[in-house]
Ligand code: FRU
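In the UniProt record's numbering, the protein residues as written are 1 to 489.
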């Protein structure tokens, strides 16, 4: 048995040994992707190929006892029902022995091809970084190229924090954007080009915190994506080391974007402001893909590096991925909406119209649960605060609250009393126009809230008790009117 076969055996043993315990956990999600056992982080290789969506993810099946980073693999025809496939990559070669780190997938002249980072820690503990290729004939078994690595370590001026290749084709040429760190410990994203995926030419930096007005953007940029929406080029990336500024950049690590025009000759993006993609608490390392209908799709990790605390750890698993979102652009800002296929999951619609509440709390005896979609449309003229308490249980004093503070014009997600583990609040600015739309997706241990048709999004893990199921609408100092639609998912 060669090293990769040995490692595959080890992974499947961990999966079969851990499966029962993992599946007995109440906090397993109903409609989000999770690791079969162990630790999941970044989505990788998101692609629409041969009429199917394929998605890979960083998987450490040995967690919490050991660490070996593989690529898990799932596929789907509708972005909501996913089929687990055999593990695609194992870290059994000299150039990826300490992890098959993040990367992307392309259709290279009909060949389904993965490009990923081989992570190596050499005997002195120093890092080496190799960009590698694997290809498949049957969309299931991936063979690493005998030409690996196709990029050997980093160019001059950068450290070996050099990873996460995202590859795409533009005007007949292949491009790769890669996350990097300068020797002065500034985060940056670097552009390469190639005619064949094997020989790469360095073009230059797309942007970086070595540029004066981006100097607040930390010491390392992970998981960059370059995409074009409505004629605008967008760099989505995850800067590490950004300091909190008021209600901005409150997560441990950030995820955001710059919008502008990319000069493919110099690699430079002439950007405007850095914007957060998500208002928290957990959204990281998203991967972009354009499907055969021209939709711009994004999926992220609902987790953060170094935030490894959760009640699921004792059951042998941690983290999940977000729902797939469709991206659009309005006034140089990304708009995110749940992929329309999410509607396939809807069951038992219940709706109420023109409900009025004045300094009171209301609930509806047929609207509650732990896995649902809730669409709420509020309007008001004079009120100081209103919102929704989700996953409530009065006896247990549990609730997860999303509310609008009219005076400060802030929308606030409060998980201080959500249940076990993670706590805190996140706020974002939402102008008071006298109305507010909240589109909420609750799963057993996650919440995603799309605000005003995707102008803002909050994404977070919560760990409520299985008996915390009530939904309560409330207003303070005034009245608010709303329509609500509910579906069980
Ligand atoms: C982001 C990240 C990537 C790296 C991968 C390793 O979460 O740190 O930069 O490729 O995770 O699992």
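All C-beta atoms in this analysis are idealised placements derived from N, C-alpha and C, irrespective of residue type, glycine included.
Does the ligand FRU have a heavy atom nearer than 7 Å to the CB of residue i?
i: residue 285; result: yes
i: residue 179; result: yes
i: residue 222; result: yes
i: residue 43; result: no
i: residue 102; result: yes
i: residue 188; result: no
i: residue 331; result: no
i: residue 120; result: no
i: residue 117; result: yes
i: residue 434; result: no
i: residue 127; result: no
i: residue 69; result: yes
i: residue 99; result: yes
i: residue 163; result: yes
i: residue 58; result: yes
i: residue 305; result: yes
Can you give the Cα-Cα distance for residue i and residue j, rounded to whole angstroms?
i: residue 350; j: residue 3; result: 55 Å
i: residue 404; j: residue 6; result: 54 Å
i: residue 294; j: residue 398; result: 42 Å
i: residue 410; j: residue 336; result: 19 Å
i: residue 227; j: residue 415; result: 33 Å
i: residue 164; j: residue 400; result: 34 Å
i: residue 196; j: residue 177; result: 16 Å
i: residue 78; j: residue 345; result: 11 Å
i: residue 490; j: residue 302; result: This structure does not reach residue 490, given that the chain is present from 1 up to 489, and the question cannot be answered.
i: residue 138; j: residue 460; result: 36 Å
i: residue 257; j: residue 395; result: 42 Å
i: residue 340; j: residue 184; result: 44 Å
i: residue 388; j: residue 431; result: 19 Å
i: residue 21; j: residue 36; result: 11 Å
i: residue 40; j: residue 67; result: 12 Å
i: residue 321; j: residue 476; result: 35 Å
i: residue 221; j: residue 42; result: 14 Å
i: residue 100; j: residue 34; result: 18 Å
i: residue 328; j: residue 134; result: 32 Å
i: residue 103; j: residue 44; result: 5 Å
i: residue 371; j: residue 450; result: 16 Å
i: residue 332; j: residue 231; result: 10 Å
i: residue 161; j: residue 182; result: 9 Å
i: residue 210; j: residue 393; result: 49 Å
i: residue 492; j: residue 342; result: Since the first residue shown for the chain is 1 and the last is 489, residue 492 is missing from the structure and cannot be characterised.
i: residue 91; j: residue 98; result: 6 Å
With DSSP collapsed to three states, give me the class of residue i.
i: residue 327; result: strand
i: residue 104; result: strand
i: residue 19; result: helix
i: residue 37; result: coil
i: residue 176; result: strand
i: residue 228; result: strand
i: residue 277; result: coil
i: residue 406; result: coil
i: residue 205; result: strand
i: residue 220; result: strand
i: residue 344; result: helix
i: residue 234; result: strand
i: residue 310; result: coil
i: residue 417; result: coil
i: residue 185; result: coil
i: residue 318; result: strand
i: residue 213; result: helix
i: residue 452; result: coil
Could you tell me how far apart the beta carbons of residue i and residue j are, in whole angstroms, since I believe they sit closer than 8 Å?
i: residue 469; j: residue 368; result: 5 Å
i: residue 490; j: residue 279; result: Within the shown structure, residues of the chain are numbered from 1 to 489, placing residue 490 beyond reach of any answer.
i: residue 313; j: residue 473; result: Between residue 473 and residue 313 the Cβ distance is about 34 Å, and since that is not below 8 Å, they are no contact.
i: residue 481; j: residue 379; result: 5 Å
i: residue 374; j: residue 463; result: No, residue 374 and residue 463 are not in contact; Cβ-Cβ is about 20 Å, not under 8 Å.
i: residue 85; j: residue 73; result: 4 Å
i: residue 129; j: residue 154; result: 6 Å
i: residue 179; j: residue 218; result: Going by Cβ atoms, the distance from residue 179 to residue 218 rounds to 11 Å, so no, they are not a contact pair.
i: residue 391; j: residue 418; result: 7 Å
Does the distance from the CB of residue i to the CB of residue j come in under 8 Å?
i: residue 96; j: residue 315; result: no
i: residue 441; j: residue 323; result: yes
i: residue 194; j: residue 203; result: no
i: residue 262; j: residue 269; result: yes
i: residue 89; j: residue 70; result: yes
i: residue 305; j: residue 253; result: yes
i: residue 255; j: residue 224; result: no
i: residue 426; j: residue 281; result: yes
i: residue 27; j: residue 381; result: no
i: residue 150; j: residue 198; result: yes
i: residue 31; j: residue 438; result: no
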